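Protein chains in written order, with my numbering: chain W, 621 to 902; chain D, 621 to 902; chain Z, 7 to 568; chain P, 7 to 568.
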Amino acid sequence: MSSKFELSGDTAWCPGCGNFPLRVALKQALEELELKPEEVVMSTGIGQAAKMPHYIEVNGFNGLHGRSLPPAVGVRIANKDLQVIVESGDGCTYGEGGNHLLHNIRRNVDLVHLVHNNQIYGLTKGQASPTTGKENRTGVQTHGINAEPFKPVKFAVGMEASFVARGFVGEKEHLAELIKQAACHRGYALVDILQPCVSFNKVNTYDWYRERVYKLPDDYQAEDYDTALQKAQEWDERIPIGVIYREEKETFYDNFSFLDKQPLVEQERSPEEVEPLLAKFK
Amino acid sequence: MSSKFELSGDTAWCPGCGNFPLRVALKQALEELELKPEEVVMSTGIGQAAKMPHYIEVNGFNGLHGRSLPPAVGVRIANKDLQVIVESGDGCTYGEGGNHLLHNIRRNVDLVHLVHNNQIYGLTKGQASPTTGKENRTGVQTHGINAEPFKPVKFAVGMEASFVARGFVGEKEHLAELIKQAACHRGYALVDILQPCVSFNKVNTYDWYRERVYKLPDDYQAEDYDTALQKAQEWDERIPIGVIYREEKETFYDNFSFLDKQPLVEQERSPEEVEPLLAKFK
Amino acid sequence: MIKNIVIGGEAGQGLKTTAAILGKALFKNGFNLHTSMDFMSRIRGGHNFGRIRFGDEEIRGPQEEIDLLVALNEETITRHVEKLAKDGAVLYDEAVSAVENSIVVPAEEIASEVNPKAVNTVYVGSILKAFGINLDCARSVVEDYFDAESVISDNLKLLNRGYEKGETIFKAPEPKSRTGEQIYLNGNEATALGALAGGINYYSAYPMSPSTGIMSYIAGKQDEMNVVVEQAEDELAAINMAIGASYGGIRTMSGTSGGGLALMNEAIGLAGLTETPLVVANVQRPGPATGLPTRTSQGDLLFAVNSAQGEFPLLITASRNQENAFYQTFRALNLADKYQLPVILMSDQFLADSSTNVPDFELQNLEIERNLIAAEDMGPDEEYRRYEFTEDGISPRAFPGQLKKQTVLADSDEHDEKGHIVEAADKRRRMVDKRARKLDRLIEDDLAEPEYFGPENIDYLLVGWGSTYGPLREAQSRLNEEDIKAGYLSFTDVWPLPTTGLEKLADNEVELIDVENNSQAQFARLIRQETGIEVEHRILKYDGRPFRGEEIFRRITEEVIQ
Amino acid sequence: MIKNIVIGGEAGQGLKTTAAILGKALFKNGFNLHTSMDFMSRIRGGHNFGRIRFGDEEIRGPQEEIDLLVALNEETITRHVEKLAKDGAVLYDEAVSAVENSIVVPAEEIASEVNPKAVNTVYVGSILKAFGINLDCARSVVEDYFDAESVISDNLKLLNRGYEKGETIFKAPEPKSRTGEQIYLNGNEATALGALAGGINYYSAYPMSPSTGIMSYIAGKQDEMNVVVEQAEDELAAINMAIGASYGGIRTMSGTSGGGLALMNEAIGLAGLTETPLVVANVQRPGPATGLPTRTSQGDLLFAVNSAQGEFPLLITASRNQENAFYQTFRALNLADKYQLPVILMSDQFLADSSTNVPDFELQNLEIERNLIAAEDMGPDEEYRRYEFTEDGISPRAFPGQLKKQTVLADSDEHDEKGHIVEAADKRRRMVDKRARKLDRLIEDDLAEPEYFGPENIDYLLVGWGSTYGPLREAQSRLNEEDIKAGYLSFTDVWPLPTTGLEKLADNEVELIDVENNSQAQFARLIRQETGIEVEHRILKYDGRPFRGEEIFRRITEEVIQ
Ligand SMILES: Cc1ncc(C[n+]2csc(CCOP(=O)(O)OP(=O)(O)O)c2C)c(N)n1
Ligand SMILES: Cc1ncc(C[n+]2csc(CCOP(=O)(O)OP(=O)(O)O)c2C)c(N)n1
Ligand code: SF4
Ligand code: SF4
Ligand SMILES: [Mg+2]
Ligand SMILES: [Mg+2]
């Protein structure tokens with residue numbers, strides 16, 4: 621199916637990489653959301669995942685490693701009519717960018733955040749990321765990993781993020797559905813996506829994930845915090861995919877009365893508006 | 621009581637500040653641990669809390685704002701015989717330094733981490749910190765706070781930190797005891813300390829804390845994760861103090877066979893040791 | 007005639023309020039004045055003081071010799087009494103035997119009867135009395151300054167009591183009617199107002215002295231001016247959020263001090279490579295690291311000029327005083343948009359925290375120039391290219407969503423015209439050249455040459471940049487008064503360095519004197535780097551304190567002229 | 007005689023292995039050689055290539071003209087064939103009609119019969135055959151390179167097959183016996199070995215091309231050498247951990263590339279102010295921002311020189327080649343300890359990823375000089391003061407726990423001799439001066455003057471810094487061969503800038519030519535800043551590719567001499 625989000629040309633991804641099905645799911649979701657390319661902005665960091673805006677027809681801000689989130693917040697403040705998607709790797713998001721994740725969960729800006737979690741640093745050739753499992757060995761982690769793996773879903777639920785989901789690129793339709801739900805959710809929506817790296821992660825392969833991944837049942841109560849907290853702890857043996865936790869709550873926008881009227885970017889400004897402020901100094 | 625940790629001279633703290641009783645508890649704990657000043661290293665960031673090494677007789681590395689933790693890790697690696705204490709404010713630790721907190725919980729280096737949580741930026745004159753409550757107004761947060769308050773204890777338990785406690789400077793003896801337990805714990809030990817700022821935080825006063833704070837009962841099971849997870853959520857109405865969670869687990873040191881033998885700082889090195897490595901290049 | 011008041015006490019004794027009310031009262035009374043603050047990095051205790059210099063002549067900076075020393079505690083007397091003028095006076099709550107003129111006002115005692123918290127107003131009353139200045143001006147300030155009725159009436163009462171208990175020692179200068187409408191404000195406020203006049207819709211920063219005042223001021227006007235002010239989790243977030251907002255199409259700004267600028271460095275390069283307009287105020291304090299957090303310095307010059315790894319066009323401009331800070335900020339926003347580059351706006355604690363009277367801002371002459379592409383500039387089948395090659399290197403700028411059926415791609419890797427990653431040697435070269443051409447155009451069209459002050463024929467040329475302007479003008483006038491033929495070249499734009507004016511003046515006959523608030527004569531180094539001109543004399547100060555005009559004058563006569 | 011091989015293909019085709027095995031084999035065979043890599047920033051696909059230049063003369067860098075082009079895919083032919091020498095040959099799996107000498111080796115087909123993964127070894131066999139070089143050297147390399155018996159035997163088999171299928175086209179240079187024992191390694195490995203020889207116990211970094219090789223190498227030796235290698239969560243952590251470890255008393259190091267150095271900036275100032283020894287390797291790539299991640303540049307010079315807000319002593323030294331990288335790193339660790347300051351060790355992708363043969367390191371002449379206080383240096387009742395004022399500004403350094411009953415206090419605020427916060431003007435001034443004196447002493451005792459190469463009387467003087475050394479030496483020799491009287495001044499220490507040698511050579515008669523891998527002639531700017539000397543000619547390259555000697559030669563004859 622040719623899509624208006626299709627961008628022709630070569631990618632820098634390896635044949636067989638999990639980024640390809642992820643892109644398919646993303647395009648499908650954007651189509652089904654009936655968005656136009658110019659209405660979508662993708663903000664990314666640096667890494668293999670972060671090259672996405674070069675391979676799909678949307679607006680893109682491909683910024684610095686670790687800084688995929690902050691520019692997205694800025695864009696969303698500038699223009700409330702845009703669908704803003706943050707997209708980056710696990711290293712970029714959970715490593716270098718950890719502090720932004722932490723605080724943007726608190727900020728609850730209306731964003732979709734897709735993390736290509738291949739449990740490895742792809743672009744820099746296979747060092748451990750925060751999510752790399754203890755059993756892995758790499759060129760730098762010659763002993764194995766010196767720290768406990770970071771668990772994104774558990775972390776985000778623990779932080780009471782307003783929408784937390786896990787997807788798997790081996791379940792494209794399901795993933796597209798998650799992305800759509802994230803987009804429709806009002807507030808910050810994190811989707812951690814299991815994405816095999818065929819070049820550098822020889823542990824967490826398609827098979828490894830397939831053996832463990834299962835879809836949450838239809839009657840799963842994503843709105844119940846305690847349920848979510850328990851579910852968020854599952855990993856290793858069985859890995860749930862789906863919306864783990866969801867809560868409608870105050871967003872960043874609710875703090876500013878003038879933000880919902882008209883996109884800031886469309887508001888005309890004139891120097892003379894400061895005239896009344898000068899009175900205080902007279 | 622005169623203590624060998626006593627340092628005479630003026631402090632830059634405000635009269636009535638919660639930092640004073642905190643210092644008393646800290647000195648008491650160090651005394652009772654039978655440490656000598658030269659055996660203790662305090663690593664701090666920048667803020668009012670972070671001035672502690674200037675007001676107590678120990679080794680000190682008073683580094684950059686937000687970076688109280690990383691130097692401490694370095695010191696501990698250099699010298700396993702030192703008692704390393706990280707000490708800083710809530711802004712420094714949970715704001716600027718959030719990423720280090722996140723990843724050092726994973727690293728589990730043997731450190732005591734004392735956070736003076738006055739729920740405000742003291743030294744810079746009263747802006748919101750990540751822990752400032754929603755009901756606060758400040759000179760920058762003129763609308764109130766744009767984000768959900770960060771909950772340090774809940775966060776740390778969620779991250780499965782190996783030791784998580786909360787203290788209150790209004791309970792000095794109890795606090796001293798917590799500090800001692802943190803020091804005796806093998807691994808990373810976070811103690812979040814409620815410390816009223818009499819100059820800038822007009823909401824979270826001594827009275828505010830006194831009305832809410834209660835000590836965990838003796839039969840509280842800090843080793844049980846689910847119990848801890850529940851307890852860690854308490855705030856607002858009732859605020860538990862004590863050791864919330866404790867788990868003995870692998871530390872950073874366990875990954876290095878050569879670290880436990882002799883402090884690295886005492887190991888002699890000679891350039892000729894690389895001789896065998898050169899063979900590979902011949 | 008100019009008079010100089012110093013008020014000193016502990017942090018927490020309300021010095022700021024006293025200085026603010028007194029300063030504003032003197033301003034309302036028609037004086038010229040300059041108020042500067044010397045704070046320690048603490049909330050209570052220690053020793054802080056403010057200097058208020060006022061009179062009927064132009065006043066450009068602080069002065070050392072004290073006419074009236076107002077001591078909120080005894081330490082103030084010990085620390086400052088040696089700078090008391092021969093006929094100076096001390097105002098304190100008991101008699102000071104060591105000095106001739108001692109005004110005794112037991113302010114706390116007086117206040118305790120009405121409202122102990124309002125003790126500062128007692129001082130204001132007594133100070134005005136010391137100069138024989140009528141209270142009317144101060145009354146209206148008090149009414150403005152406080153909100154609650156009861157607080158206002160307490161303060162008015164204490165103002166009177168202070169006046170009554172005081173004693174007139176000095177003949178006050180005659181307030182002449184100043185030229186035109188004036189306003190009284192400090193450098194941070196002026197910068198914040200320039201940003202608001204420039205139409206920013208977003209300001210993100212992380213608190214850091216002495217820059218926080220900019221954020222606080224704007225934060226107070228969020229709803230009035232439709233500006234979102236966001237205190238970020240760290241400086242990395244602050245700057246990257248601002249860059250995102252700018253890419254999103256609104257005007258944005260950030261502000262910090264040196265350590266924060268260091269953290270922002272990588273992102274300044276990002277703005278450079280992605281050609282995203284960005285203005286960052288760097289309010290300098292003495293470094294490195296934490297340094298002296300509440301004091302002043304010009305130690306970040308070469309650091310700012312050489313921001314970030316790699317090479318990209320960048321504009322560094324420094325405000326010379328409060329009036330200029332407003333217009334420079336406004337201009338910085340326009341130039342950032344026009345040339346699609348980062349601009350670092352240099353200020354420092356001295357400028358940021360000092361208040362003075364300046365001519366009311368001329369808003370009607372200002373124009374916000376966004377320099378965005380208009381939809382009609384695009385051909386019907388043309389694909390929008392964010393980095394289109396053009397003669398002057400400036401590509402048409404659109405924001406996402408602006409143009410129908412067009413996407414906007416910005417990239418931190420080297421890229422082609424569309425914004426996609428490239429690695430080919432010739433493509434890289436062309437993009438580097440394209441970006442460099444923007445600066446050539448800026449130099450030609452917009453770079454501000456330094457302003458020259460002084461006689462036509464000179465033996466000495468003082469050079470300085472930014473906030474040393476006031477003290478340097480004063481020093482230069484003093485030199486001229488002593489028949490020393492000295493001129494002064496005041497730089498605001500420092501990178502790219504405007505060289506024409508300097509090269510014209512710096513002929514062989516003239517001795518150059520560099521005056522800077524740092525230890526390495528960074529500006530002199532920059533001048534030599536860019537022009538080969540060696541500035542042979544250096545008057546440097548790096549103790550965290552601002553220059554005073556008389557001090558520069560004295561040092562020049564001692565160290566240079568001899 | 008020198009021959010030049012280029013091997014090209016897609017990322018993921020095993021180019022690195024081929025180059026590594028072939029290079030080592032040629033090395034073992036007694037040749038001089040230089041292997042450089044041209045990678046794209048991707049894992050698979052695209053176009054990568056390596057250049058191997060070998061022979062019996064000294065070889066200092068890459069060459070453009072190709073003798074043997076080994077094409078792992080067709081694109082390689084298209085891209086490189088125009089650089090093929092008149093009597094050059096192409097090795098490919100089918101006949102190439104466009105060229106005269108086409109060696110056909112269907113490597114994949116051959117490998118598929120034995121082990122498809124070992125296809126690269128077929129090429130190695132055929133390449134050696136092309137030059138008539140006997141396989142013995144390659145056999146021992148294969149046995150070393152792989153671990154598993156079966157893999158070794160497959161590769162040996164395929165090495166033979168490649169040899170058999172190939173064809174001898176060239177007369178190989180005669181391997182002369184090189185002077186003394188030699189080793190073959192790249193710049194990152196040399197730096198890592200220098201760090202290990204210097205006795206580091208800790209290395210923390212965050213992965214970033216092209217610096218990661220240093221970390222990987224050291225990580226592989228953790229247990230052997232008692233070094234903790236920690237991959238940090240970000241560069242801020244990496245550098246602050248290293249500083250803490252150094253304060254703790256062990257030798258430490260960190261490494262990164264420009265963007266990471268930007269993030270480390272504030273902490274470099276921290277090391278400066280706290281006087282904590284710190285060595286950071288900055289392996290440059292083209293910036294700003296992400297730039298060209300896998301390519302080379304010298305674009306961070308002025309950025310590094312002007313690191314961090316404020317002013318503090320700092321040493322910047324650049325390695326000129328692989329041999330020098332080892333000794334510079336070792337020396338940097340000694341000087342950081344001696345002067346208690348940060349040292350930035352400049353390298354770049356060209357140096358980092360290129361391998362060459364160098365004389366075996368002379369370990370016995372090296373001495374680790376920690377310059378720590380000895381317990382007996384303390385008087386019995388003396389209080390230890392971390393920042394004691396001394397004549398040369400160097401205070402006695404102890405680590406925590408070292409001295410009985412003494413504490414060590416390091417502070418990021420301005421401080422007194424003990425390390426406690428101070429704000430007084432005179433105390434600040436004295437500390438700034440104390441720190442500055444350290445650099446004066448360093449300049450006197452330890453600063454390395456540039457090395458000069460060339461005849462005594464010259465018309466032209468080439469100046470360059472760091473890794474352009476090889477190509478520049480080659481260019482200078484070529485110029486001399488053509489009777490152009492040119493000398494070359496090769497800088498390693500660049501900040502503080504050593505000026506004596508330069509000032510002696512740069513008299514009026516000599517034309518100066520600056521050669522740099524950047525677009526702004528940063529080194530020429532620095533020279534003018536520090537000496538007033540204007541370097542009139544500039545040979546700049548900023549497309550991410552390294553210079554070749556012949557290219558510099560050609561450009562000088564075209565652009566300068568004419
Ligand atoms: C400041 C900075 N530090 C380091 C890097 C190098 N770097 C680029 S991508 C990357 C890691 C990529 O891993 P991840 O984010 O998981 O993305 P993936 O490639 O696996 O999709 C690193 C360390 C950089 N570009 N900038
Ligand atoms: C990089 C950097 N950013 C900002 C600052 C300014 N600063 C100093 S202390 C501080 C906040 C202090 O708050 P907290 O950590 O809670 O400590 P407290 O003073 O409340 O004890 C800030 C923002 C700084 N010194 N460095
Ligand atoms: S390195 Fe891994 S994640 Fe990156 S493109 Fe290749 S397979 Fe995918
Ligand atoms: S500002 Fe607050 S935290 Fe700081 S010393 Fe004063 S009371 Fe304590
Ligand atoms: Mg990854
Ligand atoms: Mg605080």
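For glycine and all other residues, C-beta sits at the position ideal for the given N, C-alpha and C.
Every value quoted in this text rests on a predicted model; they were computed, and no experiment measured them.
Nearest neighbour of residue i, chosen from the options [CA to CA]
{"i": "P:GLY200", "options": "P:ARG484, P:ALA338, P:ALA248 and P:ILE567", "result": "P:ALA338"}
{"i": "Z:ASN371", "options": "W:PHE788, W:GLU892, W:GLU654 and W:LEU898", "result": "W:GLU892"}
{"i": "D:GLY683", "options": "D:PHE820, D:GLN703, D:SER708 and D:ASN756", "result": "D:SER708"}
{"i": "P:GLY472", "options": "P:GLU230, P:THR498, P:GLU88 and P:SER108", "result": "P:THR498"}
{"i": "Z:TYR208", "options": "W:ARG866, W:GLY764, W:LEU879 and W:LYS900", "result": "W:LEU879"}
{"i": "W:LEU798", "options": "W:HIS733, W:ARG830, W:CYS817 and W:PRO750", "result": "W:HIS733"}
{"i": "D:ALA781", "options": "D:ASN699, D:PHE872 and D:LYS822", "result": "D:PHE872"}
{"i": "W:HIS805", "options": "W:VAL704, W:LYS754, W:PRO673 and W:LEU836", "result": "W:VAL704"}
{"i": "P:LYS440", "options": "P:ALA454, P:GLU317 and P:ASP354", "result": "P:GLU317"}
Own chain, CB closer than 8 Å to residue i, minus 5 neighbours either side, in chain order
{"i": "Z:THR413", "result": "TYR390 and PRO406"}
{"i": "W:GLY759", "result": "LYS745, GLY746 and GLN747"}
{"i": "Z:VAL566", "result": "TYR466, GLU517, ILE519, HIS543 and ILE545"}
{"i": "W:GLU854", "result": "PRO860"}
Per-residue contacts from residue i into chain Z (C-beta, under 7 Å)
{"i": "W:LEU650", "result": "Under the 7 Å cutoff, chain Z gives no residues; its nearest Cβ is about 13 Å from W:LEU650."}
Under 8 Å by beta carbon: chain Z residues contacting residue i
{"i": "P:GLN535", "result": "ARG531, LEU532, ARG534 and GLN535"}
Residues near residue i by beta carbon distance below 6 Å, same chain, minus five either side
{"i": "Z:GLY255", "result": "PHE405"}
{"i": "P:PHE137", "result": "PHE176 and ALA178"}
{"i": "Z:LEU511", "result": "LEU467"}
{"i": "Z:GLY261", "result": "ALA211, SER217, ILE220 and ALA287"}
{"i": "W:GLU658", "result": "none"}
Residue i - DSSP class collapsed to helix/strand/coil
{"i": "P:PRO461", "result": "coil"}
{"i": "P:LYS444", "result": "helix"}
7 Å CB neighbourhood of residue i in its chain, flanking five on each side removed
{"i": "P:LEU445", "result": "PRO319 and PRO502"}
Residue i: contacting residues in chain D (beta-carbon distance under 9 Å)
{"i": "W:MET779", "result": "GLU768, PHE770, LYS771, LYS774, PHE775 and GLY778"}
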